[in-house]
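Here's the structure we're looking at; comments come further down.
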Amino acid sequence: MDSDKEKLSTARLDDFTKLGRHTVLLCIFAELMVLSQLGNMLYMMYAGEWVGQIKYPLQARQEGCVWWRGELYGRNPFAALKAVQSVGRNNERVVKSWLFQQKTTKIIRSAPTIIGCGEHDLTHAVSSKEACDLLAQLQANSSCEMRLDVQFESVNYEWNYLCDGTKEVKNSISMQMIGVMVGSVLFGQMSDMYGRKLTMLICLFGCITISFASSYTHNLFWFTVCRFVIGVFNGGHIAVLLVFMIENLPKKHRLWINTIVTWSPNMVIYAAMAYYANNWRTLAQWSSFTTIPAFLLCLQIF
Numbered sequence: 001m002d003s004d005k006e007k008l009s010t011a012r013l014d015d016f017t018k019l020g021r022h023t024v025l026l027c028i029f030a031e032l033m034v035l036s037q038l039g040n041m042l043y044m045m046y047a048g049e050w051v052g053q054i055k056y057p058l059q060a061r062q063e064g065c066v067w068w069r070g071e072l073y074g075r076n077p078f079a080a081l082k083a084v085q086s087v088g089r090n091n092e093r094v095v096k097s098w099l100f101q102q103k104t105t106k107i108i109r110s111a112p113t114i115i116g117c118g119e120h121d122l123t124h125a126v127s128s129k130e131a132c133d134l135l136a137q138l139q140a141n142s143s144c145e146m147r148l149d150v151q152f153e154s155v156n157y158e159w160n161y162l163c164d165g166t167k168e169v170k171n172s173i174s175m176q177m178i179g180v181m182v183g184s185v186l187f188g189q190m191s192d193m194y195g196r197k198l199t200m201l202i203c204l205f206g207c208i209t210i211s212f213a214s215s216y217t218h219n220l221f222w223f224t225v226c227r228f229v230i231g232v233f234n235g236g237h238i239a240v241l242l243v244f245m246i247e248n249l250p251k252k253h254r255l256w257i258n259t260i261v262t263w264s265p266n267m268v269i270y271a272a273m274a275y276y277a278n279n280w281r282t283l284a285q286w287s288s289f290t291t292i293p294a295f296l297l298c299l300q301i302f
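For the sequence shown, the positions run 1 to 302 when UniProt numbering is used.
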C-alpha cells in the first residue's frame, strides 16, 4: 500500500502521454509549421539577393588562362578544362576546383550578376564591389544599360536596388528581424494567457494573409511593412510551437522527434520552392499557400 501511494504521489501528467496516432498527427502539424517558419525567415535570402559576382581563381588568372575573359561563363563552363591543358596540371586542378565551387554556388545562391554595361564586358571583375565600381564609371561617361545574369528575380532586381541601393533592402531585412523579436515576446505571453491553439491560429492566419498581400506590393516601403508584420506573426508561432510540442509529446520521445522535425530538412524543400518560383512575388504566394495546411490542421489538433 505504501509503495502504491508513493507511485501515485510521484506520477505526473507527462507519464500519461504515450506514443501513438496523436503523436503522428502532432509531428505532421509540426512539420508544416516548421516549413512555414523557415520559409518566412529565409524568404529574404532569395527575395533580397543583392549583386553577386563570379570569382575566378587567382592562380589561373595570373597564368593568363584563355577563359579568364569570362566568355565561357553561362554557356559551357566545363569546356574550360580543355583550355587549361596547355597551361599545366596544377592550373587544371585549380580550375576543376573552381568549376565545382561555381556549380555548387549557382545551385545554392541566386544573386543577380553584373555581366556588362551595353557593349562593355564586366565579367572580368573579381568581386561585386569591383563590378559596381566599373559600372558606375561606365554609366558616368556614357548612357550604357546594365546587363545582368539573373537566376532569381529578387526585390533588388525588380526595383533596381543594386550596388549602393542594396543598403535599403538590408534595412528592410533588419525590420523583419525586429518584427520576429516583437512577435516572440507578444505572442509568447498571449499563449500563456489565452492558450496555445488560439495563438497559433492567429499567427498562422496572419502569415497566410500578409504573405500573400506582400506579393502585390509595388515599392520597398510597403514591402517592408508587410515583411515586418509577417515577422511579428512568424516570431509568435516560432515561440509557441516549441512549448506546444514539449507539452504534448511523450517525455521519452521528445529529443529524437524534435531532432527529426526541424529546420534542416525543410531548407532543401524551400530551396526547391525558390528554384521553381523564379521570382519573389511567386515565392511569397507559395509561402502563403504552404501555410494553409498547417492552419487547417491546427483547427483539428485538439
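Note that CB positions come from ideal geometry on N, CA and C, so glycine has one too.
What you are looking at is a predicted structure, and each value in this text was computed from that prediction instead of being measured.
Distance from the Cα of residue 289 is smallest, within the candidate group 118, 20, 188, 40, for 40. For residue 259, the uninterrupted alpha helix (DSSP H) segment begins and ends at 254-260.
Judged by DSSP in its simplified three-state form, residue 301 adopts coil rather than helix or strand. For residue 31, the secondary structure class from DSSP, reduced to helix, strand or coil, is helix.
For residue 164, there is no enclosing alpha helix (DSSP H), as DSSP marks it with neither H nor E. Secondary structure of residue 49 (DSSP, three-state): coil.
In this structure residue 286 is buried. Its beta-carbon is surrounded by 16 or more other beta-carbon atoms within 10 angstroms. Separation of residue 135 and residue 233 (C-alpha to C-alpha, rounded to the nearest whole angstrom) is 40 Å. With respect to the C-alpha of residue 295, the residue from 20, 247, 34 having the closest C-alpha is 34. Residue 266 has its alpha-carbon roughly 11 Å from the corresponding atom of residue 42. Residue environment for residue 194: exposed (fewer than 16 other C-beta atoms within 10 angstroms of its C-beta). Under the three-state reduction of DSSP, residue 278 is assigned to coil, being neither helix nor strand.
Contact holds between the region 222-241 and the region 177-197, because three or more Cβ pairs, one in each stretch, are under 8 Å apart. Judged by beta-carbon spacing, residue 118 lies within the 8 Å limit of residue 142, meaning their Cβ atoms are closer than that value.
In this structure, DSSP gives residue 148 an extended state, which the three-state scheme calls strand.
When the five nearest sequence neighbours on each side are left out, the beta carbons in the same chain lying within less than 7 Å of the beta carbon of residue 115 are those of 122, 123, 147, 148, 149, in order along the chain. Taken through DSSP and simplified to helix, strand or coil, residue 20 comes out as coil.
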